[in-house]
Amino acid sequence: MARRSSSSSSSGAWRYLNPAYYLKRPKRLALLFFVFVAATFAFWDRQSLVSEYESEISRLENHINQLHGQLRKAGVHLDENPVSSEMSRKDLVEIDPINTERREKVKDAMLHAWNSYVKYAWGMDELQPQSKNGVNSFGGLGATLVDSLDTLYIMGLKDEFQKARDWVAESLSFDKDYDASVFETTIRVVGGLLSAYDMSGDKVFLEKAKDIADRLLPAWDTTSGIPYNSINLAHGRAHNFGWTNGDSILADSGTEQLEFIALSQRTGDPKYQLKAENVILQLQKIYPSDGLLPIYINPQSGTSSYSTITFGAMGDSFYEYLLKVWIQGNKTESVKHYRQMWETSMEGLISLTRKTTPSNYSYICEKNGGSFSDKMDELACFAPGMLALGASGYGPEKAKQIMNLAEELARTCYNFYQTTPTKLAGENYYFHPGQDMNVGTSWNILRPETIESLMYLWRLTGNKTYQDWGWDIFQAFEKNSRIASGYVGLRDVNSGEKDDKMQSFFLAETLKYLYLLFSPPSVISFDEWVFNTEAHPLRIAPIHDSKGHSTDIATPVVRPFGRKQGKQV
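The C-terminal position of the sequence shown is numbered 578 in our numbering, with every residue numbered one higher than the one before it.
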């Protein structure tokens with residue numbers, strides 16, 4: 010048989026790329042269509058296999074982590090945690106290189122913030138980057154260090170985590186003649202230590218958490234059981250802040266439940282849980298039909314005082330914890346009242362929702378008696394994430410309504426950032442007819458709430474727009490807040506004038522939520538973890554008895570892959 014020349018072979022091949030060739034030959038056109046369909050299915054089969062592969066890897070890694078936790082409890086310590094570093098993920102199929110790049114940028118930001126703290130403020134509560142020194146804003150409890158533990162761990166920064174762990178073991182003391190905020194100490198210190206314990210299995214963190222919680226407990230020794238909000242850590246003398254006229258603050262009193270329930274589960278001592286849960290039982294007695302409580306509560310009578318109703322400062326995290334304790338309790342009958350109270354409060358939230366003109370932004374106004382104020386704190390931007398997290402507990406129609414509201418509010422919060430010259434949000438906003446939104450208090454102190462909600466919405470909807478919005482905010486922080494010696498807030502989001510404080514929650518919350526926004530949802534899965542209001546993930550304890558009660562957990566090691574009361578000065 011004669012061999013075709015290379016030129017004739019080439020021209021013969023080109024005819025198969027000519028559409029006319031197939032139009033004249035219907036059978037071959039059908040064959041081509043079949044090949045296309047088969048190739049398409051093969052592609053999606055590959056994507057499915059990739060997903061199944063990663064899922065199986067995660068399952069095996071979790072099993073390895075559980076074995077490591079059990080070995081630690083038995084006194085066996087291995088030199089290497091096989092899944093404690095991001096390096097182990099690099100052999101996996103990378104599906105989204107954009108997220109990988111963004112995640113690394115956030116990790117670099119964390120390293121810059123952490124290394125600046127180490128260099129200029131080691132062991133102190135917070136860094137003053139422009140002054141290049143530290144300040145003890147919380148009585149010298151190493152707030153930034155403790156707040157950063159789980160962020161370091163999640164990002165696979167093993168050396169940094171180990172150095173911080175050693176300081177906790179050797180230098181962290183709570184024997185301070187200092188009047189500490191019960192709320193801030195609980196969410197930052199107790200929460201940070203418990204999260205580090207849940208992730209690493211290192212009992213030094215649990216022992217320290219128990220120590221500080223024991224020092225806080227006398228604050229609950231009131232007639233009603235509603236706690237005082239301040240206590241001397243050395244002497245146990247509890248009282249309320251002078252500016253509240255002797256009242257306790259709603260958020261301060263209703264935002265210890267997650268941490269104290271978790272501590273009781275891990276220590277086997279019920280006293281912490283009993284104190285914290287009694288607060289909710291007392292508030293149930295005075296719970297209004299719209300589920301909206303004023304921000305001031307009398308700790309002796311247990312009754313509310315005439316004061317503002319808000320989902321912003323001093324109200325916010327009370328509502329957040331109603332939902333999250335229900336999740337922490339595995340959504341069982343024993344915690345059903347938390348969910349019921351939360352759903353009642355969400356009807357109240359809906360009643361406070363208004364829309365702007367001309368852009369139709371949704372916002373949550375505030376209420377005082379019968380009057381309303383068209384004001385919304387950036388702090389209230391936690392609400393879209395909370396709503397999204399709680400939507401699945403409703404029936405289909407209501408769930409859709411709640412999720413739609415979450416997305417509408419998230420759009421507003423994103424535009425809090427986009428409408429200023431620096432692209433960073435002010436502390437609060439006012440809404441006037443025909444003007445959409447105007448900055449009220451114009452500082453920005455590196456708050457996390459909007460990013461928090463974007464992370465929840467991305468995970469729960471799969472809409473990558475929320476990732477892009479988070480990236481915009483991160484870039485604005487990089488442009489306006491990053492300096493050579495750390496990160497600073499802005500005194501004015503219009504002028505860009507800088508302050509001199511790197512808030513501990515920037516490392517605990519803002520950067521952690523950004524990192525998780527660009528990470529697979531399996532990293533700190535919502536099925537296994539619940540975040541406290543300082544973004545410290547606490548592992549959800551499994552149910553071990555027929556009554557639906559959660560009990561102590563064999564702590565596995567996680568696979569790595571504030572701030573609520575207004576300005577801290």
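Each residue gets a CB set at the ideal place from its N, CA and C atoms; glycine is no exception.
Alpha-carbon spacing of residue i relative to residue j, whole angstroms
| i | j | result |
| --- | --- | --- |
| E169 | E113 | 16 Å |
| V115 | M323 | 30 Å |
| S298 | M355 | 11 Å |
| K99 | F425 | At K99, the pLDDT of 39 sits below 50, so the modelled position is not reliable and the matter cannot be decided from this model. |
| L469 | G394 | 9 Å |
| G200 | E268 | 6 Å |
| G129 | L158 | It should be pointed out that residue 129 corresponds to Tyr in this sequence rather than to Gly. Approximately 18 Å, taken between the alpha carbons. |
| L136 | V497 | 9 Å |
| L388 | G165 | 29 Å |
| G557 | Q337 | In this prediction, G557 scores a pLDDT of 47, lower than 50, which makes its location untrustworthy; the coordinate-derived value is nonetheless stated afterwards. Between G557 and Q337, the C-alpha separation is close to 12 Å. |
| I552 | K521 | 28 Å |
| Y403 | S513 | 35 Å |
| A228 | I240 | 6 Å |
| N142 | H545 | 26 Å |
| W467 | N453 | 24 Å |
| E352 | W176 | 43 Å |
| P529 | S313 | 43 Å |
| S140 | R174 | 27 Å |
| V127 | S146 | 17 Å |
| D88 | D207 | Confidence at D88 is low in this model, with a pLDDT of 43, below 50, so the placement of that residue should be treated as unreliable; the coordinate-derived value is given next. Those two C-alpha atoms are separated by around 19 Å. |
Classification of residue i by the beta-carbon crowding that lies within 10 angstroms, buried from 16 upward
| i | result |
| --- | --- |
| A493 | exposed |
| P442 | exposed |
| E110 | exposed |
| R246 | exposed |
| K488 | exposed |
| D117 | exposed |
| N541 | buried |
| R55 | Model confidence at R55 stands at a pLDDT of 48, short of 50, so the residue's coordinates are unreliable; what they give is reported in the following sentence. Classification for R55: exposed. |
From the options, residue whose alpha carbon lies closest to that of residue i
| i | options | result |
| --- | --- | --- |
| K364 | S257, E417, N489 and L202 | E417 |
| E375 | L301, T366 and V448 | L301 |
| A178 | W478, T195, S190 and L154 | L154 |
| Y187 | N142, H244 and E135 | H244 |
| T362 | C390, G338 and V448 | C390 |
| W478 | S462, L547 and M119 | S462 |
| I304 | N377, S239 and E135 | N377 |
| T317 | W351, T253 and E342 | T253 |
| I235 | Q266, E406 and Y465 | Q266 |
| S504 | W480, S382, A173 and P430 | P430 |
| S371 | A415, G251 and D325 | A415 |
Neighbourhood of residue i by C-beta distance below 6 Å, restricted to the same chain and skipping five residues each side
| i | result |
| --- | --- |
| D386 | G321, A322 and N437 |
| R197 | A152, D156 and E543 |
| I289 | none |
| S273 | P279, Y281 and Q282 |
| T195 | E265 and E268 |
Own chain residues within Cβ distance below 8 Å of residue i, not counting five before or after
| i | result |
| --- | --- |
| T519 | L455, R456, P457, I460 and F486 |
| G449 | K384, G435, E436, N437, Y438 and Y439 |
| S204 | L158, D159, N541, H545, P546 and L547 |
| C422 | E387, C390, P393, A434, E458, T459 and S462 |
Residue j beta carbon less than 8 Å from that of residue i
| i | j | result |
| --- | --- | --- |
| P308 | S190 | no |
| K284 | G311 | no |
| V334 | I270 | yes |
| P138 | D501 | no |
| K185 | G148 | yes |
| L331 | Y315 | no |
| D211 | F183 | no |
| G263 | L292 | yes |
| I258 | N287 | no |
| L526 | Q476 | yes |
Cβ shell of residue i (< 7 Å), same chain only, five flanking positions each side left out
| i | result |
| --- | --- |
| L202 | V155, F214, K217 and A218 |
| A408 | A400 and S401 |
The ligand SAM heavy atom lying under 7 Å from the CB of residue i
| i | result |
| --- | --- |
| E406 | Although the ligand SAM was asked about, the structure shown includes no ligands whatsoever. |
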